[in-house]
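Inspection log for the structure reproduced underneath, given as structure tokens.
Protein chains: 2
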Amino acid sequence: MKKKKVSNAAIRRIPRYYRHLEALERKGIARISSAKLAMRMGLTSSQIRHDLASFGEFGQMGYGYSVSELMKEVAGILGMDNCYTAVLVGGGCLGQTLLANFPFARYGIHLSAVYDIAPGMMGKTPFGVAVRYVSDLEADLAIKPADIGILTAPVGSARELAAILENSGVKGIWNFTNDELKLKDPDIVVEDVHLFDSLFSLCCAINERDARKVSNY
Amino acid sequence: MKKKKVSNAAIRRIPRYYRHLEALERKGIARISSAKLAMRMGLTSSQIRHDLASFGEFGQMGYGYSVSELMKEVAGILGMDNCYTAVLVGGGCLGQTLLANFPFARYGIHLSAVYDIAPGMMGKTPFGVAVRYVSDLEADLAIKPADIGILTAPVGSARELAAILENSGVKGIWNFTNDELKLKDPDIVVEDVHLFDSLFSLCCAINERDARKVSNY
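Protein chains in written order, with the numbering used here: chain A, 901 to 1117; chain L, 901 to 1117.
Have a look at this one:
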């Protein structure tokens, strides 16, 4: 079967399907109609059917979708079956929060090491992950490459560390540094988590909302 | 002057202008042409001119834009002049990371308190912010309302806490709980930070990229 191209918009939408299916599974729900899934997700039935059709053929008229089968298919599209390896670069507050809160292994991602500069962290294995000096990053990746670099280092070192990750051949960078990385290879996928942009999109929307309310008087 | 409506797309774009202008100011750059700002931000000159025109009239033909004046204007659109107040609900790892890393005060946001359940946190003032029991949240907000609720509590309590925030009259919720909040008032702005979606958009894009490479052989 020819693989269908997944659009950028769908790439942003698909993880949400997985979250909703996971929640349904936790509740013990085995089948769901596209209408019910749509209502749950705040989408229309036709959007859902269109998206689900692009994942493969699962629904049977009148029977709805099997939650577990659909989850398996969506997991495949999300790359959960690919056993991606990752390194966490920056073991400070933010890095430790990710270690503590994000179940990487549950979703098929193997975090091979945490890199930091603090001598006090060395020899420790927070959440089972070895801590290494960031000065070893380049040499370590030369021996054991990683698919994903997670950048939680301070903004000042972001570009230098991104260059090391790029040269080592990572496929993607999950970037929390609030810096905009300049990579040479356009094929490396960069996903930015810009907390500043997120909070000020919120504030900007509040500001707009309040301005509208005032102008309605 | 009639206030122009700021589109949703612009609301997502404007914080990025502020970040770039701030970086220029740090470097001591006082003026910049739209062409140079565009190159820096990876946009076209005409996109920049269109966006900047909607912020007000700042550029003078041939002189470029004053970085400080433009920053002031953008700050206004982002609501930084409004002295928004916020409460942080959830003083765990993630909440503490935000406290440690996000300069709320520098951007005009007054964080009035952190709410948690851990007795060990009470009486402390991490980064100068008082810690209160989450069971006091409702009563505290009745006396001293907040504009923004920052939800970093565990997913299980997300909806209950969101309802308390909603009933207290917050204008917006910055939601880190990985739950999708169901609010009654559609006017409350919700900004979700879904780390799961972010990481798996990245993985999905890598998966797509690799599938394309294979199919090109």
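For every residue, glycine included, the Cβ atom is placed at its ideal position computed from N, Cα and C.
Cβ distance (whole Å) where residue i is taken to contact residue j below 8 Å
| i | j | result |
| --- | --- | --- |
| Ile1073 (chain A) | Val1093 (chain A) | Between Val1093 (chain A) and Ile1073 (chain A) the Cβ distance is about 11 Å, and since that is not below 8 Å, they are no contact. |
| Thr997 (chain L) | Thr997 (chain A) | 5 Å |
| Ile911 (chain A) | Ala1105 (chain L) | 5 Å |
Whether residue i touches residue j by CB criterion (8 Å)
| i | j | result |
| --- | --- | --- |
| Val1055 (chain L) | Asn1075 (chain L) | no |
| Gly1069 (chain A) | Val987 (chain A) | no |
| Leu1041 (chain L) | Phe1002 (chain A) | no |
| Lys1084 (chain A) | Arg1059 (chain A) | no |
| Tyr918 (chain L) | Phe1100 (chain A) | yes |
| Ile1043 (chain L) | Tyr1033 (chain L) | no |
| Ser945 (chain L) | Ala930 (chain L) | no |
| Ala953 (chain L) | Gln947 (chain L) | no |
Contacting residues, own chain, Cβ-Cβ under 8 Å from residue i (five flanking each side not counted)
| i | result |
| --- | --- |
| Arg916 (chain L) | Met941 |
| His1010 (chain L) | Cys983, Tyr984, Thr985, Ala986, Phe1004 |
Cα-Cα separation, residue i to residue j
| i | j | result |
| --- | --- | --- |
| Thr1052 (chain A) | Ala1062 (chain A) | 11 Å |
| Val989 (chain A) | Ser1012 (chain A) | 11 Å |
| Glu1108 (chain L) | Ala1000 (chain A) | 29 Å |
| Cys1103 (chain L) | Gly1023 (chain A) | 30 Å |
| Lys902 (chain A) | Asp951 (chain L) | Bear in mind that a pLDDT of 45 at Lys902 (chain A), under 50, signals an unreliable position, so the number given afterwards is only what the model happens to contain. Distance between the alpha carbons of Lys902 (chain A) and Asp951 (chain L) is about 42 Å. |
| Leu1037 (chain A) | Val1114 (chain L) | 29 Å |
| Ile1064 (chain A) | Pro1019 (chain L) | 43 Å |
| Ser1035 (chain L) | Leu943 (chain A) | 35 Å |
| Gly995 (chain L) | Ser1057 (chain A) | 24 Å |
| Cys993 (chain A) | Glu1080 (chain A) | 21 Å |
| Ala909 (chain L) | Ala1039 (chain A) | 42 Å |
| Glu1066 (chain L) | Pro1086 (chain L) | 10 Å |
| Asp1110 (chain L) | Gly928 (chain A) | 34 Å |
| Arg1112 (chain L) | Arg1112 (chain A) | 46 Å |
Residue i: contacting residues in chain A (beta-carbon distance under 8 Å)
| i | result |
| --- | --- |
| Leu978 (chain L) | Phe1100, Cys1103, Cys1104, Asn1107 |
| Tyr1015 (chain L) | By Cβ distance, chain A contributes nothing, its closest Cβ being about 18 Å from Tyr1015 (chain L), past 8 Å. |
| Lys1071 (chain L) | Ile1106, Arg1109, Asp1110 |
| Asp1047 (chain L) | Ile1106 |
Contacts that residue i makes with chain A (C-beta to C-beta distance below 9 Å)
| i | result |
| --- | --- |
| Gly996 (chain L) | Strictly speaking, residue 996 (chain L) in this sequence is Gln, with Gly absent from that position. Near Gln996 (chain L) (Cβ distances below 9 Å), the residues of chain A are Cys993, Thr997. |
Sequence-distant residues of the same chain with beta carbon closer than 6 Å to residue i, five excluded per side
| i | result |
| --- | --- |
| Met980 (chain A) | Tyr1007, Gly1008 |
| Arg926 (chain A) | none |
| Phe1027 (chain L) | Leu999 |
| Val1014 (chain L) | Leu988, Gly991, Val1029, Val1031 |
| Asp1047 (chain A) | Tyr984, Thr985, Lys1071 |
| Asp1118 (chain A) | This structure cannot speak to residue 1118 (chain A), because chain A is shown only from 901 to 1117. |
Chain-order list of residues whose beta-carbon lies under 7 Å from that of residue i (same chain, five-residue window excluded)
| i | result |
| --- | --- |
| Leu921 (chain L) | Val967, Leu970, Met971, Val974 |
| Met1021 (chain L) | Gly991, Val1031 |
| Ile932 (chain A) | Leu924, Gly964, Tyr965, Val967 |
| Pro1045 (chain A) | Ser1068, Gly1069 |
| Arg949 (chain A) | Ser934 |
Where residue i meets chain A, residues with beta-carbon distance less than 7 Å
| i | result |
| --- | --- |
| Arg919 (chain L) | Phe1096 |
Interface partners of residue i on chain L, CB under 7 Å
| i | result |
| --- | --- |
| Asn1125 (chain A) | For chain A, the structure presents residues 901 to 1117; residue 1125 (chain A) sits outside this window and is missing. |
Residues that residue i contacts on chain L, provided the C-beta gap is smaller than 9 Å
| i | result |
| --- | --- |
| Pro915 (chain A) | His1094, Phe1096, Asp1097, Ser1098, Leu1099, Phe1100, Ser1101, Cys1103, Cys1104 |
Neighbour list for residue i in chain L, Cβ cutoff strictly below 8 Å
| i | result |
| --- | --- |
| Pro911 (chain A) | Per the sequence shown, the amino acid found at residue 911 (chain A) is Ile instead of Pro. Within chain L, the residues near Ile911 (chain A) are Ser1101, Cys1104, Ala1105, Glu1108. |
| Val1089 (chain A) | Leu1102, Ala1105, Ile1106, Arg1109 |
| Val906 (chain A) | Cys1104, Glu1108 |
| Tyr984 (chain A) | Cys1103, Ile1106 |
Any non-hydrogen atom of the ligand SAM closer than 7 Å to residue i Cβ
| i | result |
| --- | --- |
| Val1090 (chain L) | With respect to the ligand SAM, the structure shown offers nothing to examine, as it has no ligands at all. |
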